[in-house]
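One rule links them: number in our numbering = place in the sequence shown (from 1) + 16.
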Amino acid sequence: MTSPLGASIRRTEDLRFLTGRGRYLDDPMVVEGQLHGGIVQGIGSALTEERIRDDAGQLLTGSLMAYGVPTATQVPPIEAVLLDHPSVMNVLGIKGVGESGVICPAAAMPTRWRTRSRTAGC
């Protein structure tokens, strides 16, 4: 289960007790990569992604080049802080990680703009 608050958790599991063989499935770089990808996707959803059609209804933004998906050079540095807090919703204590990064940017961006507009006297 993925946290709706944008917090993503990884947990070190020794799966050898389940299968009698195996290896540790713990790679913080993969977790951070999933978070970064989700956050960039959320930023794109909030700021750059738009479906544009011509007068005849033909989709003009039908490719990723035209659609406005942000690249690594267009987003600020992202710092992921990983916390060890297993889920109580399943016996393995696992949670999803990639989806949670998408949720917060789309909500945070308009909130930040409203706050900034108020402090600037707009």
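Think of the CB as a built atom: it goes at the ideal place given N, C-alpha and C, for glycine as much as any other residue.
In this text the structure is predicted, and so the values were computed from the model without any measurement.
Residue i - containing alpha helix (DSSP H), residue span
{"i": "TYR82", "result": "Note that residue 82 is Ala in the sequence shown, not Tyr. Note, ALA82: alpha helix (DSSP H), 80-83."}
{"i": "GLU48", "result": "44-63"}
Neighbour-count burial assignment, residue i, 16 or more Cβ in a 10 Å radius
{"i": "ILE68", "result": "exposed"}
{"i": "ARG39", "result": "Residue placement at ARG39 is flagged as unreliable, the pLDDT there being 41, under the threshold of 50; the coordinate-derived value follows with that caveat. Result: exposed."}
{"i": "SER79", "result": "exposed"}
{"i": "GLN57", "result": "buried"}
{"i": "LEU76", "result": "exposed"}
{"i": "GLY73", "result": "exposed"}
{"i": "ILE55", "result": "buried"}
Distance between beta carbons of residue j and residue i, contact taken as under 8 angstroms
{"i": "GLN50", "j": "VAL113", "result": "5 angstroms"}
{"i": "ALA124", "j": "HIS52", "result": "Their Cβ separation, rounded to whole angstroms, is 16 angstroms, which puts ALA124 and HIS52 out of contact at 8 angstroms."}
Exercise. Do the stretch 81-88 and the stretch 102-112 meet, that is, are 3 or more Cβ pairs less than 8 angstroms apart?
Worked result: no
Exercise. Within the chosen definition, does the stretch 119-130 reach the stretch 93-104 through at least 3 CB pairs nearer than 8 angstroms?
Worked result: no
For this session: Taking only runs that begin and end inside the stretch 66-128, name each unbroken alpha helix (DSSP H) of 4 or more residues, in chain order.
Result: 80-83
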